[in-house]
Ligand SMILES: C[S@@+](CC[C@H](N)C(=O)[O-])C[C@H]1O[C@@H](n2cnc3c(N)ncnc32)[C@H](O)[C@@H]1O
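In the UniProt record's numbering, the protein residues as written are 1 to 448.
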């Protein structure tokens, strides 16, 4: 079957720019949509000029993408306004004929990137398109044909040029799925924790994991379950584990400044109910990731997670430094196990080995990996012979193979200067010093 490739503009939101490539490429591969670049994209520019062979494919892509703002069928684009009008004037009738008929309502909207345009500026610009053979009536609300004119003024909003660097004109095909970001906002979510993942990032991760309806998805460091919310929205059956009993039972200290006490019914399940996702929620279980309890044969379609990195929550696992430690029978039922430091490198080795074992072939692990931005190199990332790194820098998109690690992104934080054990030893030394000083003072008082 022959297919016609047409030019389209993908217009992106200028947020989490680094994840744009990884998200779009994951979705293209998920839906097996072919796409060709007409112009090589420039990382900070909010648009890509591309070709697709079907409008349905673009709608499918946009129905999942949270980095995509809108998508236009490109009727013209140029590096200046004059050339754009010249191009539009020689546009073959076949491109616009069916959209400008007398029974079709239309509107033209103006958007600018990095420069504010007043309403009268916009009106003036709309009037310059008067030569297009519109026959129908103008309708501002839900017209049959929604045309957009976009002016790109670079990325420095403090000092935009007088004239745009690039201009685009086309028919709006569809918008991205960005309304979901607001819908699952942390501000209105029933149960959140100190490290709840931002909704947009959660959705980006779920898209990178290529979560499909019916998939089985695990977050082994689940916390308040933000990543489960995102994966469930895309149809995944979700489950999680965490070492923190209080968090999973909704009994940890509240994270909202004005909240003194958590409500009785705060939990990950309550979040799922809030978003109508109960049918996608399997459960969460208290488990130390260093001692996973899963049967070997259990396979997940994806593992999406944000492991602890020792800043806002400790990296710890069940254990004790004392040798030959035993607990008496009577204390066993109420015993709360001691914890020791879970070394960062060990945690990631465990995560990769676990994923190699429990991901189905082709399944993805999408996780955060904290690095120093300055001395970051791909070689510094953990590896596992069964897993292939798919994306960790947005511009590097490799092919997909068996099991895959996707997007070890930076967390841009300051690494710990000292380990938990070092911190504890230091605090103990200070306490000991204070105790000795107090004893000394008491001794001196007695002598007097
Ligand atoms: C960065 S938080 C995850 C936040 C989560 N994505 C959310 O949206 O709330 C890391 C979580 O790992 C948990 N954790 C720390 N050590 C663990 C271990 N050894 N096994 C399982 N979970 C652990 C912490 O209790 C914490 O909830």
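Every residue, glycine too, gets a C-beta built ideally from N, C-alpha and C.
- For a cut-off of 8 Å, the C-beta gap from residue 227 to residue 202 is around 5 Å, short enough to register as a contact.
- The alpha-carbon separation between residue 52 and residue 379 amounts to approximately 35 Å.
- In this structure, residue 230 has its CB at a distance of at least 7 Å from all heavy atoms of ligand 1.
- Distance from the CA atom of residue 191 to the CA atom of residue 270, rounded to whole angstroms, is 7 Å.
- Closest by C-alpha distance to residue 360, out of 73, 350, 303, 82, is 303.
- Ligand 1 has no heavy atom closer than 7 Å to the beta-carbon of residue 165.
- Per DSSP, the continuous alpha helix (DSSP H) segment holding residue 245 begins and ends at 245 to 248.
- Relative to the non-hydrogen atoms of ligand 1, the Cβ of residue 342 comes within a distance shorter than 7 Å of at least one.
- C-alpha of residue 344 to C-alpha of residue 68: approximately 34 Å in a straight line.
- Taking a C-beta distance under 8 Å as the contact criterion, residue 321 and residue 340 qualify as a contact pair.
- Inclusion of residue 173 and residue 55 in the CB contact set at 8 Å is warranted, their separation being smaller than that value.
- Under DSSP, the beta-bridge partners assigned to residue 150 are 111, 168.
- In the assembly as shown, residue 263 is an exposed residue. Its beta-carbon has fewer than 16 other beta-carbons within 10 Å.
- For residue 10, the enclosing beta strand (DSSP E) covers residues 6 to 12.
- Distances from the CA of residue 213 to each of 277, 346, 260, 182 were compared; the closest alpha carbon is that of 277.
- Under the three-state reduction of DSSP output, residue 303 falls in the strand class.
- The segment 90 to 97 and the segment 56 to 65 do not touch, with fewer than three beta-carbon pairs separated by less than 8 Å.
- In the three-state reduction of the DSSP assignment, residue 435 falls in the helix class.
- Taking 8 Å as the upper bound for CB-CB distance, residue 170 and residue 252 are not in contact here, some 50 Å apart.
- In this structure residue 177 is not in contact with residue 150, their Cβ atoms being roughly 20 Å apart against a cut-off of 8 Å.
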